[in-house]
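Just below is one structure, and these are the notes that go with it.
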Amino acid sequence: MKLIKNVTVVSPDVYMPKASILVDGDIIIKVFAPGKETPFTSEVIDGEGLMAMPGFFDIHTHGTLGADVMHGEEEAIRKIAKGKISEGVTSFLPTTLTAPFEDLQKAMRAVADYAENRAYAKVPGVHIEGPYINENCAGAQNPAFIRLPNTQEIEALNNLYNISVVSLAVEKQGAMEFVHDMSKQGIMCSAAHTAATYHQLKSAKRNGLRHLTHYCNQMTPLHHREIGLVGAGIMESDLKLELICDKIHLSPEMIQLIFKVQDIDNLMLITDSMEASGLEDGRYDIGGLAVNVQEGVATLDSGNLAGSTLKFNVGLRNIYQLTGIPLEKLVKTTSYNQAKSLGMEGIGKIEAGYKADLVLLDNDFEVVQTYIDGELTYDAASIQEHQ
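For the sequence shown, counting from 1, position 355 maps to 355 in full-length UniProt numbering; every step adds exactly one.
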């Protein structure tokens, strides 16, 4: 057994300084309040001055450190998984782009190969973003490969590895039937790259849609005669909103507004990171489209944003500084809400019976250590010693 002591435990609706976490194998056995006697264990980690949070769950990320899911190689998924643990991410959904079916197959096989020999962050499923999107809202998706929703295509990909989320434009021909089919199969649909009306979004909801992908970006804006999908994100109480909180995709004021008007149980932090995340400014690629990164902002030559270079822990720091909401509330947006929306149990809390997926952070939200299934997988101090 392992004891992590003297940490401030930050878990949904729990803020407990000077606490201790007892781990047996891959499961949290007990959380001890300050002053409570703890058992003898063979391994003790002193987390003095650190916060312990549930490991983060990034349900929308394309890549990092020069690797992209669409490279279609196990090594690329491994590199992303290794990079993510330095952000405190213990689970992620490798996210695809609008591409030919054969390229999507390669990406799915690469994820399956990594999952079979996982060494870093977990991959419980894949997020298929596109190719069933609106040509006029393509953003950084390659318009050459946009097509109509295809249930058989997704079923074939799902046979290669588990698909958790499909992001699509709900106004596309056949989209409502597609959403209904996906819902029956336990695959969450999310509205993305869409010009849908509020009425069309409501119809998609009746068929099982429950997410809005990278909220506010490449979706119908709020207007006083048609509130669109941005309005739906404010109005609807049973939609989960993906938020890229880099202060670029969403302005600081928009972040503050969202957290003011929407229930925090409906908000999910994502990175939407692309291969330039963690690297220097320069020229990169996303789905066959050239990307220019300047001062950390990734754009196509057209000026469209092309994913982000955001690190997950930085997104959390941003919303804490902007909103001042207590961390025991904000922490819901980092993994618990994501897991709950996808029907996954045992993820997102620090309490008995939950997976020992943990991140230890300093007061500036820098990641000090990351644990997956109770095992230390990232140690910033050890890395610094070898630099």
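All C-beta atoms in this analysis are idealised placements derived from N, C-alpha and C, irrespective of residue type, glycine included.
All values derive from a computational prediction rather than experimental measurement.
Under the DSSP definition of a beta bridge, Q262 lacks any partner. In the displayed model, A192 falls within coil according to three-state DSSP, outside both helix and strand. The continuous beta strand (DSSP E) containing Y378 extends over residues E375 to D379. One thing to note: G346 has its Cβ no nearer than 8 Å to the Cβ of V23.
In the pairwise beta carbon analysis, the region 82 to 91 is classified as not touching the region 140 to 148: fewer than three pairs are separated by under 8 Å.
V261 places its beta carbon 8 Å or farther from that of L209. The Cβ atoms of T377 and V359 do not sit closer than 8 Å to each other. Sequence-distant Cβ neighbours of V111 in its own chain, meaning closer than 7 Å and more than five residues away, are I77, P94, V123, V126 and Y161. Remark: C-beta atoms of T98 and V69 do not approach each other more closely than 8 Å. The region 334 to 353 and the region 279 to 288 do not touch, with fewer than 3 CB-CB distances between them shorter than 8 Å.
For I347, the three-state secondary structure derived from DSSP is coil. For G315, the enclosing alpha helix (DSSP H) stretches over residues F312 to T323. Assignment of G49 by DSSP, reduced to helix, strand and coil, places it in the coil class. For S183, the enclosing alpha helix (DSSP H) has its first and last residue at A175 to K184.
DSSP assignment within the region 38 to 98 yields the following whole beta strand (DSSP E) runs of 3 residues or more, N-terminal first: 43 to 46, 51 to 54, 56 to 61 and 89 to 94. With respect to the 8 Å criterion, D13 and I270 are not classified as neighbours on the basis of their beta carbons. Looking at the DSSP output, F32 sits in a beta bridge with S20. Assignment of R109 by DSSP, reduced to helix, strand and coil, places it in the helix class.
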